[in-house]
Amino acid sequence: MADMADMAEGEELPLSIPVKAVSEHFTCPICMERLSQTYITPCGHRYCGICIKECVNRRSKCPCCNTKVTADKLYPDWAFDNLISMVSTEKSKAEDQYFVKLIQEAGHHEHEGANHREESPIVGTLQKHLKTGLATHEQYYQDFKREFTQRIQEVNLQMEALQGGGDDVLLAQQLQELEVKKQTLHTELRTCTQLLVDAYDKYLADHLPTPSLLPVTVSVRLQGKNVSLPDIKIKPHSSISEIKDVIAMAMEARGDPIASFPDDQVQFVLLGPVEKGREISAELLEELLQSPDSMERSEVIRLLPRGCHPLLEFGVKPGSEVVVAGPLKLESEMPKQCFAQTFVKDKGQSMDYFTCKDCAFKWVCRSCKDFCHKDHQTVPYIMGHQPTWACCYCPRKKKCQLGELRT
Numbered sequence: 001m002a003d004m005a006d007m008a009e010g011e012e013l014p015l016s017i018p019v020k021a022v023s024e025h026f027t028c029p030i031c032m033e034r035l036s037q038t039y040i041t042p043c044g045h046r047y048c049g050i051c052i053k054e055c056v057n058r059r060s061k062c063p064c065c066n067t068k069v070t071a072d073k074l075y076p077d078w079a080f081d082n083l084i085s086m087v088s089t090e091k092s093k094a095e096d097q098y099f100v101k102l103i104q105e106a107g108h109h110e111h112e113g114a115n116h117r118e119e120s121p122i123v124g125t126l127q128k129h130l131k132t133g134l135a136t137h138e139q140y141y142q143d144f145k146r147e148f149t150q151r152i153q154e155v156n157l158q159m160e161a162l163q164g165g166g167d168d169v170l171l172a173q174q175l176q177e178l179e180v181k182k183q184t185l186h187t188e189l190r191t192c193t194q195l196l197v198d199a200y201d202k203y204l205a206d207h208l209p210t211p212s213l214l215p216v217t218v219s220v221r222l223q224g225k226n227v228s229l230p231d232i233k234i235k236p237h238s239s240i241s242e243i244k245d246v247i248a249m250a251m252e253a254r255g256d257p258i259a260s261f262p263d264d265q266v267q268f269v270l271l272g273p274v275e276k277g278r279e280i281s282a283e284l285l286e287e288l289l290q291s292p293d294s295m296e297r298s299e300v301i302r303l304l305p306r307g308c309h310p311l312l313e314f315g316v317k318p319g320s321e322v323v324v325a326g327p328l329k330l331e332s333e334m335p336k337q338c339f340a341q342t343f344v345k346d347k348g349q350s351m352d353y354f355t356c357k358d359c360a361f362k363w364v365c366r367s368c369k370d371f372c373h374k375d376h377q378t379v380p381y382i383m384g385h386q387p388t389w390a391c392c393y394c395p396r397k398k399k400c401q402l403g404e405l406r407t
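With full-length UniProt numbering, letter number 378 in the sequence shown gets 378, and the count goes up by one each step, no holes.
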């Protein structure tokens, strides 16, 4: 009861809490945007209504924990939508108060009554642009600084966990690798910070009314795959490797993950809005490799070098297209795997099983039925079965050929 009384007292005080403490819970894990028309699953995870319905209709699983979920078990969470709206409103009010105070402190009014005069349109304009410029750049700086700090802390924890155990030679090698990784993160943080400072300096020097460091929405095309990913957002500090991770996540969500991505052979080509949709021939790719900074092409077609930060370094325009060219492979292009190879305990995987009359045994998984027994007479045995072990008799009977194709 005492705790409840203390909480009731605290609610009357003019307290404030960091927006980040709650706003991270307002992001949909599927689209990574603010939750809209929130739905909650029986396992307690929240998503945008459109996102989770589409996902469940396709996979019948919760994207966060893989618990089996059907559409009739999704429930609207109006209270959470109201909470998001309330926090957004209060955040906007607090931002306005902060920037009004900032302007007042910077103005150095000569008279006490200055704050009571009708606001000048010049001051209002300055408030507007200071808010959009300073806040946006500072927010991005704090965001990527926090990301790098977390990654550095993770490396430090790994180094602490290695102390005092294992072979001395192996331990020293592992510690050295982690130290190199940590120093690389520090260097990347300094590089991103300097690029951000340079971009903000240019913005101020050019008197731009809006910041040049907002996320840019582009489309991504996997050349030769008939795959186009619209509405991919590139953050100001996103590197090529991070864009690659975003593409991998998008393909995972589409149910066709990237199986092979040879970094030394795959190239990223940036096409301006007017060149969007253009095929990147082998000849053009070779030309870009030989002269990546050609002034004739750099404004509309540019090869993105490894390790670059496209938005900060090349000013990617909204509506541009990033073409991924090279020998990457999607899971759908790889030889199918026998269920005995893909089974994961307690994951709730389902499989269709068949009987092969030619080989005279049952429990043949669908992948083996389609490949190892493709010319045999097969009939359904059990459809949609959820085995508790790596069940397929094809390897047991030494008939499985799928393992050889993957090696």
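Glycine included, every Cβ here is placed at the ideal spot set by N, Cα and C.
If you draw a straight line from the C-alpha of residue i to the C-alpha of residue j, how long is it?
i, j, result
"V216", "M249", "18 Å"
"A253", "M86", "31 Å"
"K146", "K235", "Sequence check: residue 146 is Arg here, not Lys. The straight-line gap from Cα to Cα measures roughly 15 Å."
"R190", "T184", "10 Å"
"E287", "L303", "10 Å"
"T149", "R34", "24 Å"
"K53", "D245", "24 Å"
"I382", "S36", "40 Å"
"A71", "L285", "46 Å"
"Q142", "I232", "22 Å"
"N226", "P335", "19 Å"
"Q163", "V155", "13 Å"
"E296", "I30", "Because E296 carries a pLDDT of 49, less than 50, the predicted location of this residue cannot be relied on, and the following value inherits that uncertainty. Roughly 40 Å between the two C-alpha positions."
"S332", "D256", "6 Å"
"H108", "A135", "Because the pLDDT of H108 is 45, which lies under 50, any placement of that residue in the model is unreliable, and the question is left without a value."
"H309", "E283", "25 Å"
"S88", "T193", "28 Å"
"M32", "D77", "18 Å"
"T342", "C391", "10 Å"
"K399", "D375", "13 Å"
"K397", "K347", "26 Å"
"I152", "R59", "35 Å"
"V180", "F261", "24 Å"
"C372", "F339", "13 Å"
"S23", "V56", "25 Å"
"P387", "V379", "19 Å"
"K20", "F26", "10 Å"
With a threshold of 16 other CB atoms inside 10 Å of the CB of residue i, please say whether the residue is buried or exposed.
i, result
"V274", "exposed"
"M251", "buried"
"S16", "exposed"
"A161", "exposed"
"Y75", "exposed"
"P395", "buried"
"P18", "exposed"
"R306", "exposed"
"L402", "buried"
"L170", "exposed"
"T187", "exposed"
"S238", "buried"
"L157", "exposed"
"P63", "buried"
"C43", "exposed"
"K369", "buried"
"residue 408", "Given a span of 1 to 407 for the chain in the structure shown, any question on residue 408 remains unanswerable."
"C65", "exposed"
"A199", "buried"
In the DSSP assignment, what residue or residues form a beta bridge with residue i?
i, result
"I258", "L330"
"H385", "M351"
"P18", "For P18, which the question treats as bridged, DSSP gives no partner whatsoever."
"L304", "F268"
"C356", "F361 and T378"
"K68", "K61"
Can residue i be considered in contact with the ligand MG, in the sense that its beta carbon sits closer than 6 Å to one or more heavy atoms?
i, result
"I50", "The ligand MG is not part of this structure, which contains no ligands at all."
Helix, strand or coil for residue i? Go by DSSP, reduced to three states.
i, result
"E313", "helix"
"Q341", "helix"
"A325", "strand"
"V364", "strand"
"F268", "strand"
"C400", "coil"
"C391", "coil"
"residue 413", "Because the chain in this structure spans residues 1 to 407, residue 413 falls outside the shown range and cannot be described."
"R221", "strand"
"I234", "strand"
"L229", "strand"
"P76", "strand"
"K93", "helix"
"S320", "coil"
"S88", "helix"
"S291", "coil"
Is there a Cβ of chain C sitting closer than 7 Å to that of residue i, yes or no?
i, result
"E286", "Here there is only one protein chain, and chain C is not present."
Minimum length 4: unbroken alpha helix (DSSP H) runs contained in the stretch 148-218: Qualifying alpha helix (DSSP H) stretches, in chain order: 168-206.
3-residue-minimum beta strand (DSSP E) runs that sit fully inside the UniProt domain "RING-type" (28-66), ordered along the chain: Listed in chain order, they are 38-40 and 46-48.
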